[in-house]
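Asks: Using this note's numbering, read the sequence shown as starting at 1 and increasing by one per residue.
Using N, Cα and C, we set each Cβ at its ideal position, and we do this for glycine too.
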Amino acid sequence: MTDRQNTRALRRAPVVVGAAAALLATVAVPAGGSTGAGGPPGTDVGLQRPFALPGYVERDDNGALLVGEGESRFALRVDLLTAAGKLVRENQGLLGNVARVGPVTVDGSYYEVEISSDDRSITPDRLGALREILDHPDEWSADQVAEAREQLPVLQARYDQTQRDKQTILLRFARTTPNTLVGSVTARDADATVFLEATPPWDEENSYELADGGVRATGAGLDDPSEIGHFALLPTQAPDDAAAYASEDDLVAAMEGEEGVAGDAAAALRYDLEEGETITFTTSVADEPPAARASRGSILGTLARARAQADEGTLSGSGPAGRAATAMRSAMALNANYDEQSRQSFLVWGWGRGGSENDSIFTGWDSAWDAITALTVNPDLARQHERVLFASGGPRYDQLHAGPMHAYAVKRIYDATGDRELVEQAYPALVEFFDKLPEWDVNDDGLLEAPYDGDPSKVGNHLGLDDLPVYLAADRIAKEGGSGDERDNTDLTDVALTSYYALMAGSLTELATALDRPEDARRFATVLARTKKAANDTLWDDERGMYLDRNLDGTWGNVVTPTIFYPLFGGLATPDRAARTVEENLLDPEQFWGEYAIPSISRDDAEYCANGDVSATSSPEYTYYLGWGEENTCEQWRGAVWPPMNATVYDGLKRYGLDEAAGELATKSTSMYLDSWDENGYFPEYFDPEPGQVVNASAVDSAWRYYTWSNVMPLMAVHELVAEDAWGRPGSVTFGSHALPGRNTVDDVRVGGHTWAATVSPRATALERDGRTVFRSTGGRVVVRDFALTRDGACFDVNATGTARLQVTPRPGTTLRATVREGSSHLCL
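(1) For Leu789, collect the residues of the same chain with a Cβ closer than 7 Å to its Cβ; drop the 5 residues on either side in sequence, then sort them by chain order.
(2) Quick check on the DSSP output: the beta strand (DSSP E) that includes Arg772 runs from which residue to which?
(3) Strictly by DSSP, which residues pair up with Trp883?
(4) Enumerate, from N- to C-terminal direction, the unbroken beta strand (DSSP E) stretches of 3 or more residues contained entirely within the region 216–294.
(5) Can you give me the start and stop residues for the beta strand (DSSP E) that Arg73 sits inside?
(6) Alpha carbon to alpha carbon, what distance is there between Phe281 and Gly39?
(7) With distance defined between alpha-carbon atoms, name the residue in Ala244, Glu595, Glu583, Asp488 nearest to Leu658.
(8) Run through DSSP, which three-state label would Leu816 get?
(9) If we ignore side chains and look at the alpha-carbon of each, how far apart do Phe231 and Pro290 end up?
(10) DSSP on Tyr414, reduced to helix/strand/coil?
(11) Compute the Euclidean distance between the alpha carbons of Gly354 and Ala368, then round it to the nearest angstrom.
(12) If I'm right that Phe74 touches Pro200 with Cβ under 8 Å, what's the distance once you round it to whole angstroms?
(13) From Thr105 to Glu275, what distance separates their C-alpha atoms?
(14) If distances are taken between C-alpha atoms only, which option among Asp135, Ala818, Glu822 comes closest to Leu829?
(15) How is Gly354 classed by DSSP in three states: helix, strand or coil?
(16) Using CA coordinates, which residue listed in Val442, Leu511, Gly219, Gly446 is at the minimum distance from Arg487?
(17) Since Pro691 is in the alpha helix (DSSP H), which residue starts that stretch and which ends it?
(18) Grouping DSSP H, G and I as helix and E and B as strand, with all else coil, what is Glu90?
(19) For Asn378, which of Glu424, Lys532, Gln144, Leu715 has the nearest alpha-carbon?
(20) Using a 10 Å radius around the Cβ and a threshold of 16 neighbouring Cβ atoms, would you call Val154 buried or exposed?
(21) Would you kindly work out how many angstroms separate the C-alpha atoms of Leu437 and Leu196, rounded to a whole number?
(22) How big is the Cα-Cα spacing for Ala220 and Leu65?
(23) Just to confirm the assignment: which complete beta strand (DSSP E) runs, minimum length 3, are found wholly within the region 136–220?
(24) Quick one: what does DSSP say Ala794 is sitting in, helix, strand or coil?
(25) Since Gly731 is in the alpha helix (DSSP H), which residue starts that stretch and which ends it?
(26) With distance defined between alpha-carbon atoms, name the residue in Tyr707, Arg305, Ser342 nearest to Asn335.
(27) Taking the CB atoms as reference points, tell me whether Tyr500 and Pro404 lie closer together than 7 Å.
(28) Which term fits Pro320, buried or exposed, when burial requires 16 or more other beta carbons within 10 angstroms of its beta carbon?
(29) Can you check whether the CB of Ala198 is closer than 7 Å to the CB of Leu233?
(30) Based on DSSP bridge pairs, tell me the residues matched to Pro599.
(31) Can you name the start and end residues of the beta strand (DSSP E) that His754 belongs to?
(32) In whole angstroms, give me the CA-to-CA distance for Leu400 and Leu463.
(33) On the DSSP letters alone, give me the boundaries of the beta strand (DSSP E) that Pro54 sits inside.
(34) Looking at the structure shown, is Arg297 part of a helix, part of a strand, or coil, going by DSSP?
(35) Which two residues bound the contiguous alpha helix (DSSP H) that contains Leu497?
(36) Pick helix, strand or coil for Ser824, following the three-state DSSP scheme.
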């Protein structure tokens, strides 16, 4: 086994969705790509004008954004007014009104969502929890029983009425040219009123009028007011009513049956639909009035072809891991938005905003995982996302791992795309962040202590760990000097924070090398070496076989969490200690393993799913239920499975070549994600650590139903198939799995200017580059690392579970063969 320390020294043709035009990409190919419109490394990846993209206005998944020359901007929104008078207009942070996510692509070639009037604020499981109290009144307090007896009939009545009134619409878009979308709206229920609304995004000023049976608008370019953008919304059916209004507020008032003042600031077309009825439309933006109006038959045909081809030329696959890749692509594409300030794409996290408002979550560790996931889904989206972040000021410092995680994200993006301009943009902010971190080293030993927070609900906020009880017993130490951060120090040496510090030192070593800054690289490498030695001298508890938080007086931390595995992620662990802590702790079902893994506190710890309370119920389905309106005791950081925590452990396992454990963790994580996706149609912020809990099911029933970082759960399985090698040479890939069950495939993973596909099964592994098979293995399972193909051959590392026969085909007509035995080998063929 080796310590895999860092050793670094095309887009496909667009899919045709219409008879007359091919779908064109709006972003350049990844920098470093070999050919095509993307140009040489460093090419700007901003969106080209004009463009039209569905779902690209923050919080609005029920519409589209259209941007013309000079940055003139228009928005289309599809609104639902139910027969009961409920207006569903804004999704308010990707929440419950998105009932189902169909195929969605990042480039807008196809987009399908269902919008429902039911926001799922009351669910059958929640009602069942109240019945549980009434069925077992002796197990609950008198107040809880009385509250349940009072609440149940009221909430049941509200739920029943919501279900009777529920109406759903299916919204579909396909892009026929960069600036044109065709779309349809289908009513799933009778008596649905639908509005096609045309308004200016971000409270900008445009002029709207009813014309040609639809809506036309003009707007001055924000960059160049002399350039006038022209917008058209042209339906194929005449509306039942139409009007233009003096303001957006007037438009909304009129939709809800009140009086709206006429004017030219916004417009809407109203349709009263019966069950199964469909309306179709064309919407576009140009530098002159758009004239094209597609026919109903043409639009429906285009949508059908686009749906059938949605998985072509974009991340998708088969088998559980491949199917998760397809779902992950749609989920990430749903959360792709447009930053109106930097004029690029970014990913908005679950309930938050980002970009334009410089939301603190957007600049935290959350969005670093978004960038890493986007790198597999679409490298251009990842590059734009990080550019928006650094244009917004860079990582937030109150989350001390935000800088390390974004350094890691930028490193991975550079390795996969060669985007040096991103590195140049990010590097100053990252170095500034890194140079502040020693203020948390109280005794100057190279290890970092946790900051102090007197609020028990925020003791882990410095690492985004909220109420993780690891830090509750830390004693406050007054800070002397420092960067100006007002937080005091503590006496608790923080394994997780120290691991992130090491991760950032290693990442900056590589980024400095990429920028030809050898002195900087040596400085960061020296920090990493010192921190690694200190961690192994001080933070290794040999009796328990784990790296553990430790007080400055030498006593050990008293709560065991998955942060004990973070030294693998940061590169601090020695190979033998890495293997031991995984075998003795991670794989122990009494601690962290099990059907749902990894819980955020060890299962045998007194704090596991305690949260200060113990549920009274004897029902196995409601073991952790406390009461209506309260989070159950396994939520938050008291036991819940958190996707970024799983991903952190997974990346550490891969760094140290612990492939069987990594593959099993990827399998568990993907299964949990698909459970929620298949049953509920959403991807939550975090997951229940215990199966069979009907209040939570596999997904926590909270507002956070479309949380981007949850997509790192299936990302692990995709990386088991093929991905850029986070610890290898720039442009190299890693592929193969020791543990994924069955046969899995993935297509269209872009690394180093090439498009990769992989097929992995227990007996065979195959890799394609740009549509041609370049590697094949039979026999034992293999994991291949640092695979870089040249015209004459390839050099790579391979870890095999048994005798495996390999063949590499660097070019047609040339096949190189080798046989490897069980274990790790380095080959050059």
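Replies: Working from what's here:
(1) Cβ contact annotation for Leu789 (same chain, cutoff 7 Å, sequence separation greater than five): Arg769, Val774, Pro810, in chain order.
(2) That run of the beta strand (DSSP E) goes 772–779.
(3) Residue 883 is absent from the structure shown; the chain starts at 1 and stops at 829.
(4) Correct list: 228–235, 241–245, 266–273, 278–286.
(5) Where Arg73 is concerned, the enclosing beta strand (DSSP E) starts and stops at 73–81.
(6) In this prediction, Gly39 has a pLDDT of 31, which is less than 50 and means its spatial position is unreliable; nothing more can be read from the coordinates.
(7) Closest option to Leu658, Cα to Cα, is Glu583.
(8) The answer is strand: DSSP assigns Leu816 an E or B state.
(9) Approximately 7 Å between the Cα atoms of the pair.
(10) The answer is helix: DSSP assigns Tyr414 an H, G or I state.
(11) No answer about Gly354 holds up, because its pLDDT of 41 lies below 50 and its placement is not dependable.
(12) Contact holds; Cβ gap of about 7 Å.
(13) If you take the alpha carbons of Thr105 and Glu275, they lie about 28 Å apart.
(14) Closest option to Leu829, Cα to Cα, is Ala818.
(15) Any reading at Gly354 must be qualified, since the residue scores a pLDDT of 41, below 50, and its modelled position is unreliable; the value itself is stated next. Shown here, Gly354 sits in coil according to DSSP, grouped into three states, outside any helix or strand.
(16) If you compare the alpha carbons of Val442, Leu511, Gly219, Gly446 with that of Arg487, the shortest gap goes to Val442.
(17) No alpha helix (DSSP H) contains Pro691, which DSSP labels as neither H nor E.
(18) Looking at Glu90 - three-state DSSP - the assignment turns out to be coil, as it is neither helix nor strand.
(19) Selection Glu424, Lys532, Gln144, Leu715 evaluated against Asn378 yields Leu715 as nearest (Cα-Cα).
(20) Counting Cβ neighbours within 10 Å, Val154 comes out exposed, since fewer than 16 surround it.
(21) Using only the alpha carbons, I get a separation of about 51 Å.
(22) The alpha-carbon atoms of Ala220 and Leu65 are separated by roughly 16 Å.
(23) Runs found: 168–177, 180–187, 192–199, 207–211, 214–220.
(24) When DSSP states are grouped into helix, strand and coil, Ala794 belongs to the strand group.
(25) For Gly731, there is no enclosing alpha helix (DSSP H), as DSSP marks it with neither H nor E.
(26) Of Tyr707, Arg305, Ser342, the residue nearest in Cα terms is Tyr707.
(27) Contact: yes.
(28) By the Cβ-count criterion, Pro320 is buried, with 16 or more other Cβ atoms from all chains shown falling within 10 Å of its own Cβ.
(29) Yes, they are a contact pair.
(30) When DSSP reads this structure, Pro599 sits in a beta bridge with Val641.
(31) 754–760 is the span of the beta strand (DSSP E), which, as asked, contains His754.
(32) Taking the straight line from one Cα to the other gives about 6 Å.
(33) That run of the beta strand (DSSP E) goes 51–54.
(34) Reading the sequence as shown, one finds Gly at residue 297 and not Arg. Three-state DSSP puts Gly297 in a helix.
(35) 495–514 is the span of the alpha helix (DSSP H), which, as asked, contains Leu497.
(36) Of the three classes helix, strand and coil, the one that applies to Ser824 here is strand, per DSSP.
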